[in-house]
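S.K.:
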Ligand SMILES: NC(=O)c1ccc[n+]([C@@H]2O[C@H](COP(=O)([O-])OP(=O)(O)OC[C@H]3O[C@@H](n4cnc5c(N)ncnc54)[C@H](OP(=O)(O)O)[C@@H]3O)[C@@H](O)[C@H]2O)c1
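Residue numbers (my numbering): 629 to 892.
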C-alpha cells in the first residue's frame with residue numbers, strides 16, 4: 629500500500645516511515661503545508677502528524693497561533709486534498725493529543741469524556757473537527773507523551789536528573805499519560821489496517837494508582853518523573869539513582885488498567 633505522511637520528519641513520523649517500509653508498504657513524507665502543492669491521488673492511507681512543537685518554546689500570542697494553525701490548517705489542507713482526489717485513500721489517521729481532555733484531576737477518562745476548556749483542549753477540538761470532515765474513514769489518535777530513548781520528551785527530561793538537578797514538573801502530583809514510541813507506531817499501523825473510526829486514546833495502561841504516602845518507593849518515582857506514573861523507559865535512570873530497591877519501583881509497583889488516566 630502507498631502511505632503518505634504529513635509531519636514525517638518528526639519523532640513519530642520517522643519511526644512510522646521505517647515501520648511502514650519494513651512491512652513492505654511504500655511510504656512517503658508529504659512536503660510541509662503551503663511549500664508545495666499536495667495530491668493524495670492513489671494513496672491507500674494518509675497519516676497527518678504535522679504540528680509545531682508545544683514544548684521548548686515560549687507561548688507568545690504569535691506562537692500560540694502557530695501551534696493552532698500548524699495543526700488545524702494542515703489538517704484542513706489534507707482533508708481538501710482527499711476530497712479532490714478521484715481515487716481516494718481508504719483512511720486518514722490524524723494526530724491528536726490527550727490535551728483534548730484538559731486537566732481533570734483523578735477523573736478516569738475515556739474517549740466519550742467531554743473535552744477540557746484550556747488552550748490546548750480548544751486547539752485539539754478544532755484539530756479533530758477538521759479531521760472528522762474527511763470524506764473517508766477518519767481516526768484521531770489522542771496520544772499521551774511519547775517516550776523514546778532518542779528524541780521526544782524523555783530526551784529533555786533525563787539530562788537534568790543525570791546532573792542531579794531534576795525535580796517535579798508542575799505540582800509533581802499530576803498523572804503522566806505516556807506511550808512508548810514502538811507502541812505508538814504499532815497503534816497507527818493498527819488504525820490504518822482495522823475498520824475503526826473516530827478518536828482513540830493512545831496511552832500505556834501502566835500507571836501507578838495508589839496514594840504516594842502508601843508506597844514510599846512510588847513517592848520517589850513521583851519526584852523523579854514529576855508525576856505519579858513511572859514509565860519503564862526511565863527504569864535505568866531510576867536504578868541509577870535509587871540502587872537495588874529500584875526493581876520494586878519499576879516492576880511490581882506498576883499495575884495494568886484497561887482504561888487511561890490523564891489530567892493534572
Ligand atoms: N510526541 C508526543 O509526545 C506527542 C504527544 C501527543 C500528540 N503529539 C502530536 O503528534 C504529532 C507528531 O508528534 P511528533 O512528536 O512526531 O512531533 P515533532 O517531532 O515535533 O514533529 C512534528 C512535525 O510537524 C511538522 N511541523 C513542525 N512545525 C510545523 C509547522 N509550524 N507547520 C506545519 N508543520 C510543522 C514537521 O514535519 P515536516 O518537517 O516533515 O513538515 C515536524 O517534524 C504532533 O502533531 C504532536 O502534536 C505528539
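C-beta: ideal position from N, C-alpha, C; glycine also.
Please specify which runs of the beta strand (DSSP E), each continuous and at least 3 residues long, are wholly inside the stretch 742-778, giving them in chain order.
M.R.: Runs found: 765-771, 773-775.
S.K.: Looking at residue 813 and residue 765, is the spacing between their C-beta atoms short of 8 Å?
M.R.: By one-based count along the chain shown, residue 765 stands at place 137. By one-based count along the chain shown, residue 813 stands at place 185. Their beta carbons are not under 8 Å apart, which means residue 765 does not touch residue 813 by this criterion.
S.K.: Within 10 Å of its beta-carbon, does residue 824 have 16 or more other beta-carbons around it, so buried, or fewer, so exposed?
M.R.: If you number the chain shown from 1, residue 824 lands on position 196. Exposed: under 16 other Cβ atoms inside 10 Å.
S.K.: Report the rounded CA-to-CA distance for residue 713 versus residue 733, giving the unit in angstroms.
M.R.: On the chain shown, residue 713 is found 85 positions in, with the first residue counted as 1. On the chain shown, residue 733 is found 105 positions in, with the first residue counted as 1. In a straight line, the C-alpha of residue 713 is about 44 Å away from that of residue 733.
S.K.: Check whether the Cβ of residue 714 lies closer than 7 Å to any heavy atom of ligand 1, and answer yes or no.
M.R.: Residue 714 sits at position 86 when you count from the first residue of the chain shown. Not so, every heavy atom of ligand 1 lies at least 7 Å from the Cβ.
S.K.: Based on DSSP bridge pairs, tell me the residues matched to residue 827.
M.R.: Your numbering for residue 827 matches position 199 in the chain shown. Note: residue 827 sits in a beta bridge opposite 768.
S.K.: Exposed or buried, which one is residue 770 when buried takes at least 16 other CB atoms within 10 Å?
M.R.: Position 142 of the chain shown, counted from the start, is the residue given in the question as residue 770. Classification of residue 770: buried, given that the 10 Å Cβ count is 16 or more.
S.K.: In the stretch 652-727, which residue ranges form an unbroken alpha helix (DSSP H) of at least 4 residues, counting only runs that do not cross its ends?
M.R.: List check, alpha helix (DSSP H) in window: 689-712.
S.K.: Can you round the beta-carbon distance between residue 754 and residue 700 to whole angstroms, since I take them to be within the 8 Å contact cut?
M.R.: Your numbering for residue 754 matches position 126 in the chain shown. Your numbering for residue 700 matches position 72 in the chain shown. Confirmed, Cβ separation roughly 5 Å.
S.K.: What are the residues that DSSP puts in a beta bridge with residue 806?
M.R.: The residue given as residue 806 occupies position 178 in the chain shown. Answer by DSSP bridge pairing, in chain order: 773.
S.K.: Can the beta-carbon of residue 695 be found closer than 8 Å to that of residue 680?
M.R.: Position 67 of the chain shown, counted from the first residue, corresponds to residue 695. Position 52 of the chain shown, counted from the first residue, corresponds to residue 680. Against a cut-off of 8 Å, the Cβ pair of residue 680 and residue 695 comes out as a contact.
S.K.: Can you look up residue 732 in the DSSP assignment and give me helix, strand or coil?
M.R.: Along the chain shown, read from residue 1 onward, the residue named residue 732 stands at position 104. If DSSP states are grouped into helix, strand and coil, residue 732 belongs with coil.
S.K.: Based on DSSP bridge pairs, tell me the residues matched to residue 631.
M.R.: Locating residue 631 in the chain shown gives position 3, where the first residue counts as 1. Looking at the DSSP assignment, residue 631 forms a beta bridge with 655, 673.
S.K.: CA-CA distance, residue 670 and residue 756?
M.R.: Translated into positions along the chain shown, residue 670 becomes position 42. Translated into positions along the chain shown, residue 756 becomes position 128. Roughly 24 Å separates the two Cα atoms.
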